[in-house]
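Enquirer: Can you keep this structure in mind? I'll have questions shortly.
There are 2 protein chains.
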Amino acid sequence: MEKIKPEIRDTASVLKLLGDNTRLSIVGLVQNHECCVCEFVELLQMSQSSVSQHLRKLRDAGLVKEQRKGHWIFYSFNRQHPSAEMVEDILRHVPDQNEKLQQLERDGLRINCD
Amino acid sequence: MEKIKPEIRDTASVLKLLGDNTRLSIVGLVQNHECCVCEFVELLQMSQSSVSQHLRKLRDAGLVKEQRKGHWIFYSFNRQHPSAEMVEDILRHVPDQNEKLQQLERDGLRINCD
DNA sequence: ATTTTATATTAGCATATGCTTATATAATAA
DNA sequence: TTATTATATAAGCATATGCTAATATAAAAT
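Structural data, given as structure tokens:
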């Protein structure tokens, strides 16, 4: 029995969201790690406001989840999203960004609340 | 040895192109069939001008190829595109549209130059 | 050569997008 | 309470997008 496929409309709107450097990078980052806003600001070299607005779009679409931990709000990939599998398929075709997160860690800029 | 992955920028620009109902539908249609402009106009119920402009974007990006056959210009998916595999992965997540083409055939509106 | 047919191109317009700057909010620290 | 920190929101603006209407092009048919 085949899984239900989202309508073209829904898929197109997800692709539209991912069709932006910043948002595609964000989704690539949160696929395997939780990140907070200030980390995105550092990694993407963008203003806090701009990052925040991109995150809002991703959150409104349900592609990412947010969770407060003390000072910070952490974002993570929402594997429950109807297009989550497609997004993961897409991410297999772009270079992973773990190296950047490791660099952030070495620079002492990684936030860890565990 | 792993295949070279397009940069995030390049992937984002492909996704941006596909992040539109009309263009995603077109790419879905040409994945398995050659189609000419008037067929898209019929299938998508859009103006010829609008379809033509979408096709131009897809062609400029190299995602589709065009080939003249008599009266008509046929468009087909370009499997040589650096992101062709990703596009095929994406299309696996949307309902196929073969039924619509078959209906067109039954209506006697399918163009065939073979 | 003229007309017809299929497609492409252009201009114009309304709406969407992504950024910056400034300000608001909400949790923590002092 | 007040100040600080992390994040969100709003306003404004320049640019991008997708459509329509009108016109151009190019091959085919007459």
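Respectively, the protein sequence lines represent chains A and E.
With the first letter of the first sequence counted as 1, position 86 gets the number 1023 in our numbering; the numbers rise by one all the way through.
With the first letter of the second sequence counted as 1, position 10 gets the number 947 in our numbering; the numbers rise by one all the way through.
All residues carry an ideal CB built from backbone N, CA and C; glycine is no exception.
Do Ile-945(A) and Trp-1009(A) have their C-beta atoms within less than 8 angstroms of each other?
Expert: The residue you call residue 945(A) lines up with position 8 of the first sequence. The residue you call residue 1009(A) lines up with position 72 of the first sequence. Contact flag unset, no.
Enquirer: Pick helix, strand or coil for Ser-1060(A), following the three-state DSSP scheme.
Expert: Limits of chain A in this structure are 938 at one end and 1051 at the other, which puts residue 1060(A) out of reach.
Enquirer: Please give the ranges of any beta strand (DSSP E) in the region 950 to 1021 of chain E, keeping only runs that are unbroken, at least 3 residues long and fully inside the region.
Expert: Within the region 950 to 1021 of chain E, the complete beta strand (DSSP E) runs of at least 3 residues are 1001 to 1006, 1009 to 1014.
Enquirer: Leaving out the 5 sequence neighbours to the left and right, which residues in its chain are closer than 8 angstroms to Ser-987(E) when beta-carbon positions are compared?
Expert: As a position in the second sequence, residue 987(E) is number 50, starting the count at 1. Cβ neighbours of Ser-987(E) beyond the five flanking positions: Thr-959.
Enquirer: Got a sec? Which residues, its chain only, sit under 8 angstroms from Lys-994(A) by beta carbon, not counting five neighbours each side?
Expert: Here residue 994(A) refers to the residue found at position 57 when the first sequence is read from its first residue. The residues are Leu-954, Arg-960.
Enquirer: Can you give me, in chain order, the residues of the region 996 to 1026 of chain E that have a beta carbon less than 8 angstroms from any beta carbon in chain A?
Expert: Under the 8 angstroms Cβ criterion, the region 996 to 1026 of chain E contributes Ser-1020, Glu-1022, Met-1023, Asp-1026.
Enquirer: Along the chain, where does the alpha helix (DSSP H) containing Glu-944(E) start, and where does it finish?
Expert: Taking the second sequence and counting its residues from 1, the one referred to as residue 944(E) is at position 7. Taken as a continuous stretch (DSSP letters only), Glu-944(E) belongs to no alpha helix (DSSP H), as it is neither H nor E.
Enquirer: Can you tell which of Ser-1013(A), Ala-949(A), Thr-948(A), Gln-1004(A) has its C-alpha closest to the C-alpha of Gln-968(A)?
Expert: The residue given as residue 968(A) occupies position 31 in the first sequence. Of Ser-1013(A), Ala-949(A), Thr-948(A), Gln-1004(A), the residue nearest in Cα terms is Ser-1013(A).
Enquirer: I need the DSSP call for Arg-1043(A), collapsed to helix, strand or coil.
Expert: The sequence position of residue 1043(A) within the first sequence is 106, counting from 1. Three-state result, Arg-1043(A): helix.
Enquirer: Does the distance from the CB of Lys-1002(A) to the CB of Asn-1015(A) come in under 8 angstroms?
Expert: Sequence index remark: in the first sequence, residue 1002(A) carries index 65 (1-based). Sequence index remark: in the first sequence, residue 1015(A) carries index 78 (1-based). It is a contact, given that the beta carbons lie within the stated cut-off.
Enquirer: Flag Gly-956(A) as yes if its beta-carbon sits less than 8 angstroms from any beta-carbon of chain E, otherwise no.
Expert: Translated into positions along the first sequence, residue 956(A) becomes position 19. Yes, Gly-956(A) counts as interfacial toward chain E.
Enquirer: Do you know offhand how far Ser-989(A)'s Cα is from Asp-957(A)'s?
Expert: The residue labelled residue 989(A) in the question sits at position 52 within the first sequence. The residue labelled residue 957(A) in the question sits at position 20 within the first sequence. The alpha-carbon atoms of Ser-989(A) and Asp-957(A) are separated by roughly 14 angstroms.
Enquirer: Please compile the residues from chain A whose C-beta is within a distance smaller than 8 angstroms of the C-beta of Ser-962(E).
Expert: Along the second sequence, read from residue 1 onward, the residue named residue 962(E) stands at position 25. Correct list: Ile-945.
Enquirer: For chain E, is any of its Cβ atoms less than 8 angstroms away from the one on Leu-1038(A)?
Expert: For the purposes of this step, residue 1038(A) is taken as residue 101 along the first sequence, with counting starting at 1. False, the Cβ-Cβ gap to chain E never drops below 8 angstroms.
Enquirer: Should the region 978 to 987 of chain A be regarded as contacting the region 1028 to 1041 of chain A, the criterion being three or more beta carbon pairs within less than 8 angstroms?
Expert: With a cut-off of 8 angstroms, the region 1028 to 1041 of chain A and the region 978 to 987 of chain A count as touching, because enough Cβ pairs lie within range.
Enquirer: Under 8 angstroms, do Pro-1032(A) and Lys-940(E) count as touching if we go by C-beta distance?
Expert: Position 95 of the first sequence, counted from the first residue, corresponds to residue 1032(A). Position 3 of the second sequence, counted from the first residue, corresponds to residue 940(E). Contact flag unset, no.
Enquirer: If contacts are defined as beta-carbon pairs under 8 angstroms, then Ile-963(E) and Leu-992(E) qualify, I think. What distance do you get, rounded to the angstrom?
Expert: As a working note, residue 963(E) is residue 26 in the second sequence. As a working note, residue 992(E) is residue 55 in the second sequence. So it is a contact: roughly 7 angstroms between Cβ atoms.
Enquirer: Can you give the Cα-Cα distance for Cys-972(A) and Gln-1034(E), rounded to whole angstroms?
Expert: Mapped onto the first sequence, residue 972(A) falls at position 35. Mapped onto the second sequence, residue 1034(E) falls at position 97. Between Cys-972(A) and Gln-1034(E), the C-alpha separation is close to 39 angstroms.
Enquirer: Closer than 6 angstroms by C-beta to Phe-1011(E): which residues in its own chain qualify, once you throw out the five before and the five after it? Chain order, please.
Expert: Residue numbering aside, residue 1011(E) sits at position 74 when the second sequence is read from its first letter. The answer, listed in chain order, is Glu-971, Cys-973, Gln-1004.
Enquirer: Please decide whether Val-1031(A) counts as near chain E, where near means a Cβ-Cβ distance under 8 angstroms.
Expert: Sequence index remark: in the first sequence, residue 1031(A) carries index 94 (1-based). Cβ-Cβ to chain E under 8 angstroms: yes for Val-1031(A).
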